[in-house]
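Read the structure below first, then the notes.
Chains as they are written, first to last, in this note's numbering: chain P, 8 to 368; chain A, 8 to 368.
What follows is the structure, given as structure tokens:
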């Protein structure tokens, strides 16, 4: 297995002497920092990773020193901002071109690095970092699989604790609890539990709403494990669905299966997206699928890569992506079904094998 | 009560026609977006808030449209990146100076805005946004108090579920569960539960370690409620402490009280920091307090403002800050005691009135 620094540099088209990844203050942290270093613990605000083809070093605050050293990373502790600047300038001295990740670097930190390295050229390597992160290495797949296992196991228990009268935040609490008891560091994002009409808001966060008979109960959640994440959505019904709800569910399930069936190494993301979209647009829910079919998954919930009409890419073996068509009607509700998959030569493997029956709670 | 846009502009020293806040992809979201708009729900990746002295507008993706409108915010939905650029350029047309928040804006998004507004000058208003966010308005204090109430109530139950043999992630699961059952959207950051020697790592995240007799059990956690957060630390002992553990706890408790006693409107942060530091440095734990005494708290866990020797500031009525001295010995363990306070004219009010006795579990 290639070291992360070798892998990153082998994925690069732009030539640089080193890549510098710098974190801001939470939440503005570059997840590439954890991708590259593999450090499983700590916050690392204001810390810097210097990645060279055969060398990696972290400039760490004293708050993170132990976490960095225990991960086997070459670590230098800075005492204050001035000391950090001196260390950075010294490490990068004599280099001609330094890569930075503009997608996640704050403007303040960009200016800080620029000042520290003076006339050395800073080159945006965002797309190269994305390319590196797109194809998951075996050690990454293991962690993602574990994050998926936790979410799948916890998801099986949803019908046990969600019932009429349950509040959204309470249901989210139950789900997070089960994921953490199974070993997750925490939820990978705010666990979305949306009842009734709120299920039509794709990025809804749980509130005090209580579940009523005849309502959809949409759960969009994931686990974080060793910095890697999972991301599942399942939609339930409280009691019996009416005809329109049943039809909506069936259409989305069919769309998701169509997308899954069309995935293989070499397939175009836009074609996979079209497979799902065609099913929905041929139904009475035409135009109600208002987002892309999927996104990359790794150290971030929204990792590089997508299954999308507007941002096409060719799928390759080892990419991990979500497949999550949905259909939404304001005031009525929505259905989304989401799995995490890894692309294989001839198809894909589902990492979240949780039932897709339209389960009644 | 002033509207947020009026408050922001009244806090500004730099003259601009508008402030543009733009979010990246999670986790690189600018919490100022939620501070300014007050929108309680949704992710708002890639969305933009345009703040003028008497007008606020959000350019929203269709995924967040309902969340934005329900918050009573003037909302325009963009269909794609090109459409968003056109809307942004049109809204800012004729303006001379646009403020941006370099501290939280990604370099990619800076370049995106720069391209959209062409020759209009972009001015960094980071310190002005910090000034605005430093003094909490009544509606903010209410939400912070609620986040603190939840964390305080849940904290009272820690001795009920933490005991010998309990795993760190399991204890964190219990605590998060209780906070969410009390109405929190989720933990405000990864709940840190550190047993034994791990309590010496200030930014530790919970792992599978199990609590043993004679070990410290450090809990650093908070609740998120309506986008606002709390942040508490308490350190427990499993069974009976030895003399050194007892002494460490007493010294930190004394240091925290000294800091609290020295807070009032007009006090200097560096003096408050010195009050705590002197107590620790006079003890056998000299030099073991390796971070600042406190930081601001609001829509971010690390909100603008600090109680620090290196980043001094004058405390003012309405600032909300953490007060959290600690003492750490590698291989032995650490103690930290943290409360959230609001600065008042003659002192401070503790928002997290959880016992500071050295509790045995």
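Using N, Cα and C, we set each Cβ at its ideal position, and we do this for glycine too.
- Flagged as an interface residue toward chain P: residue 309(A), by a C-beta distance shorter than 7 Å.
- Across the structure, residue 85(P) and residue 53(P) are spaced so that their CA atoms are roughly 10 Å apart.
- In the structure shown, residue 256(P) falls within a helical segment according to DSSP collapsed to helix, strand and coil.
- Shown in chain order are the members of the stretch 14-45 of chain A whose Cβ falls below 8 Å from a Cβ of chain P: 31, 32, 33, 34, 35, 36, 37 and 38.
- In this structure, the alpha-carbon of residue 191(P) lies about 13 Å from that of residue 199(A).
- A direct Cα-Cα distance of roughly 27 Å separates residue 166(P) from residue 287(P).
- The beta carbons of residue 276(A) and residue 313(A) sit about 6 Å from each other, so the pair counts as a contact at 8 Å.
- Boundaries for residue 155(P): no beta strand (DSSP E) harbours it, while the alpha helix (DSSP H) harbouring it runs 145-163, taken from the DSSP string.
- Of all residues in the stretch 138-149 of chain P, none is placed with a Cβ closer than 8 Å to any Cβ belonging to chain A.
- Rounded to whole angstroms, the gap between the alpha carbons of residue 37(P) and residue 50(P) is 11 Å.
- Around the CB of residue 367(A), fewer than 16 other CB atoms lie within 10 Å, so the residue is classed as exposed.
- The C-beta distance from residue 316(A) to residue 281(A) rounds to 7 Å, short enough to fall under 8 Å.
- Listed along the chain, the chain P residues whose CB falls inside 8 Å of the CB of residue 297(A) are 69 and 70.
- By the Cβ neighbour-count rule, residue 162(P) is buried, with 16 or more other Cβ atoms within 10 Å of its own.
- For residue 251(P), no chain A residue has a Cβ inside 7 Å of its Cβ, as the nearest lies near 20 Å away.
- Taking a Cβ-Cβ cut-off of 9 Å, the neighbours of residue 194(P) in chain A comprise 183, 193 and 194, given in sequence order.
- Listed in chain order, the alpha helix (DSSP H) runs fully inside the stretch 85-109 of chain A are 88-99, counting runs of at least 4 residues.
- Within chain A, the residues placing a beta-carbon under 7 Å from that of residue 117(P) are 114, ordered along the chain.
- Within chain A, not a single residue places a beta-carbon under 7 Å from that of residue 90(P); the smallest gap is close to 11 Å.
- In the three-state DSSP reduction, residue 182(A) falls in the helix class (H, G or I).
- Per DSSP, the unbroken beta strand (DSSP E) holding residue 67(P) starts and ends at 62-67.
- Within the stretch 197-214 of chain P, 197, 198, 207, 208, 209, 210, 211, 212, 213 and 214 place their CB atoms closer than 8 Å to a CB of chain A, listed in sequence order.
- The Cβ-Cβ distance between residue 178(A) and residue 217(A) does not fall below 7 Å.
- Rounded to the nearest angstrom, the gap between the Cα atoms of residue 40(A) and residue 30(A) is 8 Å.
- Under the Cβ criterion of 7 Å, residue 187(P) is counted among the residues facing chain A.
- Within chain A, no C-beta atom comes nearer than 7 Å to that of residue 153(P); the closest sits roughly 12 Å away.
- Along the length of the stretch 234-306 of chain P, whole beta strand (DSSP E) runs at least 3 residues long occupy 239-244 and 301-303, reported in chain order.
- In terms of beta-carbon proximity, residue 300(P) stays away from the interface with chain A, with every pair separated by 7 Å or more.
- A residue is called buried once 16 or more other Cβ atoms fall within 10 Å of its Cβ, and residue 293(A), having fewer, is exposed.
- The C-alpha of residue 196(A) lies about 24 Å from the C-alpha of residue 108(P).
- Residue pairing by DSSP puts residue 313(P) in a beta bridge opposite 302(P).
- Going by DSSP, residue 196(A) is part of no beta strand (DSSP E) at all; its letter is neither H nor E.
- Rounded to whole angstroms, the gap between the alpha carbons of residue 181(P) and residue 186(A) is 11 Å.
- For residue 176(A), the chain P residues whose Cβ falls inside 8 Å of its Cβ are 187, 188, 190, 191 and 192, in order along the chain.
- Between residue 318(P) and residue 331(P), the C-beta spacing is not below 7 Å.
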